[in-house]
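J.: Below you'll find the structure I mean.
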């Protein structure tokens, strides 16, 4: 599921984050040790404690925050029912704002004394609390923050369940060159957006390192609606693949205009394509056959139960944010049960060494706190998302 890299908040918060980031960057960078100097211990006992979750549950980005926080609530409900526990969830609305996220973090560790945090939802707030959490070492798992600096500059207590932007770009490039056998590419990306730009740059580097060639890299601005200038240049090239790493609204617009200009190349993309079918309208022919990387595909057998359960409880479809959040929460709760402790350093060690079997398969973490998991490639067929089959 796509989301925008929200960078909001006041000047004070940005100054504080900049200082924290500088401190985090000194020396050799993030420590690979799971040892923390904090003696932080959560309130409660192993049968009754609280975890925190945050995200924008109101405002422009509520669709993303609600997916995460609702899934966390559902996971805790399921865990309690299965284990006879009384674990609670403190749900907070960050509004996608870094300053608000920091205030919420402080509440979690000072007032509620949570055993762990599932979040943030968007990358800006996830980065903010990741850096700040070095003071307590409280376990944090973001299910959806893809920016590399979240784990790069966070402490050893910070993990993520989703692909990073560089990870997914590399995987798409390898898939395009090796599996699809496509060698000559063009790209069209949003130069105003860190996600789009970062994924495009990483794709180009990897694709060309494999032996492929990116013959054109065309940029546009967020406010643009007409991409004919860029696409006309691309149409003049004999490409076999068009890489479109944006958010689904722009992706669909670009695909429709590309097809209208006679571009027949295979379109591939990053996880921002999730949602494209919903905005394509009655005529989805322009996006037919598009292939993109995602956390899951809706036709996977392993996700059918959670999709049904989530829809019944919340009246809307779950997305990749929600499924990752559910798995992240279960991973946290099962780790606490396994280590038999509410001490942050014990839980962090347990998460770092986990090989969790969840809805989306096995999840473990590398020394940076990033996930080790197999990518899923989704292809749009007959207006539906399907698992890619060669």
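Residue numbers (mature numbering (1 follows the signal peptide of the UniProt record, and there is no 0)): -20 to -1, 1 to 370.
Every residue, glycine too, gets a C-beta built ideally from N, C-alpha and C.
Because the structure is a prediction, the values reported are computed rather than measured.
So what does DSSP say about residue 249, is it helix, strand or coil?
T.: What you label residue 249 is simply residue 269 of the chain shown in a count that begins at 1. Residue 249: strand per DSSP, three-state reduction.
J.: Can you grab the Cα-Cα spacing for the pair residue 116 / residue 220, in whole Å?
T.: On the chain shown, residue 116 is found 136 positions in, with the first residue counted as 1. On the chain shown, residue 220 is found 240 positions in, with the first residue counted as 1. Cα to Cα, the separation comes out at about 51 Å.
J.: From the DSSP secondary-structure annotation, give me the bridge partner or partners of residue 73.
T.: For the purposes of this step, residue 73 is taken as the residue at position 93 of the chain shown. BP columns for residue 73 point to 35.
J.: Which residues in the same chain as residue 188 place their Cβ atom closer than 8 Å to its Cβ, once the five residues preceding and following it in sequence are excluded?
T.: In the chain shown, the residue the question calls residue 188 occupies position 208. Within the same chain, residue 188 has close Cβ partners 194.
J.: Assuming residue 100 and residue 122 are in contact, meaning their beta carbons sit under 8 Å apart, how far apart are those beta carbons, in whole angstroms?
T.: For the purposes of this step, residue 100 is identified with residue 120 of the chain shown, where counting begins at 1. For the purposes of this step, residue 122 is identified with residue 142 of the chain shown, where counting begins at 1. With a Cβ gap of about 6 Å, residue 100 and residue 122 count as contacting.
J.: Roughly how many whole angstroms lie between the Cα atoms of residue 351 and residue 344?
T.: Numbered from its first residue, the chain shown carries residue 351 at position 371. Numbered from its first residue, the chain shown carries residue 344 at position 364. Cα to Cα, residue 351 sits roughly 6 Å from residue 344.
J.: Just list the residues that DSSP pairs residue 28 with in beta bridges.
T.: The residue labelled residue 28 in the question sits at position 48 within the chain shown. According to DSSP, residue 28 bridges with 25.
J.: Determine whether the beta carbon atoms of residue 266 and residue 235 lie at a separation below 8 Å.
T.: Position 286 of the chain shown holds residue 266. Position 255 of the chain shown holds residue 235. Taking 8 Å as the Cβ cut-off, residue 266 and residue 235 qualify as a contacting pair.
J.: By a C-beta neighbour count over all protein chains shown, 10 Å radius and 16 as the cutoff for buried, is residue 191 buried or exposed?
T.: Here residue 191 is taken as the residue at index 211 of the chain shown, counted from 1. Flag for residue 191 reads exposed.
J.: Under a three-way DSSP split, which group does residue 243 fall into?
T.: Along the chain shown, read from residue 1 onward, the residue named residue 243 stands at position 263. Reduced to three states, the DSSP call for residue 243 is coil.
J.: So, helix, strand or coil for residue 351, using DSSP?
T.: Along the chain shown, one-based indexing puts residue 351 at 371. Strand at residue 351.
J.: Less than 8 Å between the CB atoms is what I'm expecting for residue 32 and residue 92, so what's the real figure, rounded?
T.: Taking the chain shown and counting its residues from 1, one reaches residue 32 at position 52. Taking the chain shown and counting its residues from 1, one reaches residue 92 at position 112. Confirmed, about 6 Å.
J.: What do you get for residue 202, buried or exposed, if any count of 16 or more other CB atoms within 10 angstroms of its CB means buried?
T.: Stepping through the chain shown from its first residue, residue 202 is reached at position 222. Label assigned to residue 202: exposed.
J.: Does the region 166 to 173 come into contact with the region 126 to 146, if we say contact requires no fewer than three beta-carbon pairs (one atom in each stretch) closer than 8 Å?
T.: Segments in contact, no.
J.: How many angstroms separate the CA atom of residue 153 from the CA atom of residue 300?
T.: For the purposes of this step, residue 153 is taken as the residue at position 173 of the chain shown. For the purposes of this step, residue 300 is taken as the residue at position 320 of the chain shown. Spanning the two alpha carbons is a distance of roughly 21 Å.
J.: Could you spell out where the alpha helix (DSSP H) holding residue 289 opens and where it closes?
T.: The sequence position of residue 289 within the chain shown is 309, counting from 1. Its alpha helix (DSSP H) spans residues 284 to 294.
J.: In terms of DSSP beta bridges, what is residue 122 paired with?
T.: As a first step, residue 122 is located in the chain shown; it is residue number 142 there, counting from the start. Answer is 140, bridged to residue 122.
J.: Based on Cα-Cα distance, which residue from 227, 155 and 218 lies nearest to residue 177?
T.: If you number the chain shown from 1, residue 177 lands on position 197. Comparing Cα-Cα distances from residue 177 to each of 227, 155 and 218, the minimum goes to 227.
J.: Apart from the five residues on each side of it in sequence, which residues of its chain come closer than 6 Å, Cβ to Cβ, to residue 358?
T.: For the purposes of this step, residue 358 is taken as residue 378 along the chain shown, with counting starting at 1. Excluding sequence neighbours, residue 358 sits near 272, 274, 277 and 365.
J.: For a test of the three-state rule: what should DSSP assign to residue 366, helix, strand or coil?
T.: Here residue 366 refers to the residue found at position 386 when the chain shown is read from its first residue. The answer is strand: DSSP assigns residue 366 an E or B state.
J.: Going by DSSP, name the residue or residues bridged to residue 338.
T.: As a first step, residue 338 is located in the chain shown; it is residue number 358 there, counting from the start. In the DSSP output, where bridge partners are listed per residue, residue 338 has 341.
J.: Are the region 102 to 113 and the region 289 to 309 touching by the rule of at least three beta carbon pairs closer than 8 Å?
T.: The region 102 to 113, when compared against the region 289 to 309, does not touch it at the 8 Å Cβ threshold.
J.: Examine the Cβ distances between the region 17 to 28 and the region 321 to 337 and report whether three or more of them are shorter than 8 Å.
T.: Touching, per the Cβ criterion.
J.: Measuring alpha carbon to alpha carbon, tell me which of 161, 28, 348 and 363 ends up nearest residue 268.
T.: Within the chain shown, numbered from 1, the residue matching residue 268 stands at position 288. Considering only alpha carbons, the answer is 363.
J.: Determine the DSSP secondary structure at residue 198, reduced to helix, strand or coil.
T.: In the chain shown, the residue the question calls residue 198 occupies position 218. Here residue 198 sits in strand by DSSP.
J.: Inspect the beta-carbon positions of residue 378 and residue 241 and report whether they are closer than 8 Å.
T.: Because the chain here runs from -20 to 370, residue 378 falls outside it and cannot be looked at.
J.: If you follow the beta strand (DSSP E) that residue 361 is part of, which residue opens it and which one closes it?
T.: In the chain shown, residue 361 corresponds to position 381, counting from 1. Here the beta strand (DSSP E) through residue 361 covers 356 to 361.
J.: Note down the Cα distance separating residue 243 from residue 231, rounded to an integer number of angstroms.
T.: As a position in the chain shown, residue 243 is number 263, starting the count at 1. As a position in the chain shown, residue 231 is number 251, starting the count at 1. Each residue's Cα considered, the two are about 14 Å apart.
J.: Pick out the complete alpha helix (DSSP H) segments inside the region 153 to 225, 4 residues or longer, and give them in chain order.
T.: Listed in chain order, the complete alpha helix (DSSP H) runs (minimum 4 residues) inside the region 153 to 225 are 174 to 190 and 208 to 215.
J.: For residue 37 and residue 260, what's the separation of their Cα atoms in angstroms?
T.: By 1-based counting over the chain shown, the position of residue 37 is 57. By 1-based counting over the chain shown, the position of residue 260 is 280. Taking the straight line from one Cα to the other gives about 25 Å.
J.: Please identify the residue among 224, 98 and 321 whose C-alpha is closest to the C-alpha of residue 45.
T.: Counted from its first residue, the chain shown places residue 45 at position 65. The candidate whose alpha carbon is nearest that of residue 45 is 98.
J.: Just to confirm, is the Cβ distance from residue 298 to residue 47 under 8 Å?
T.: Translated into the one-based positions of the chain shown, residue 298 becomes position 318. Translated into the one-based positions of the chain shown, residue 47 becomes position 67. Closer than 8 Å, so yes.
J.: Please report the distance separating the alpha-carbon of residue 280 from that of residue 58.
T.: Here residue 280 refers to the residue found at position 300 when the chain shown is read from its first residue. Here residue 58 refers to the residue found at position 78 when the chain shown is read from its first residue. Distance between the alpha carbons of residue 280 and residue 58: 21 Å.
J.: What does the Cβ neighbour count give for residue 49, buried or exposed, with the cut at 16 atoms within 10 Å?
T.: As a first step, residue 49 is located in the chain shown; it is residue number 69 there, counting from the start. The residue in question, residue 49, is buried, as its Cβ has 16 or more Cβ neighbours within 10 Å.
J.: Could you check where the alpha helix (DSSP H) with residue 299 kicks off and where it finishes?
T.: The residue given as residue 299 occupies position 319 in the chain shown. Taken as a continuous stretch (DSSP letters only), residue 299 belongs to no alpha helix (DSSP H), as it is neither H nor E.
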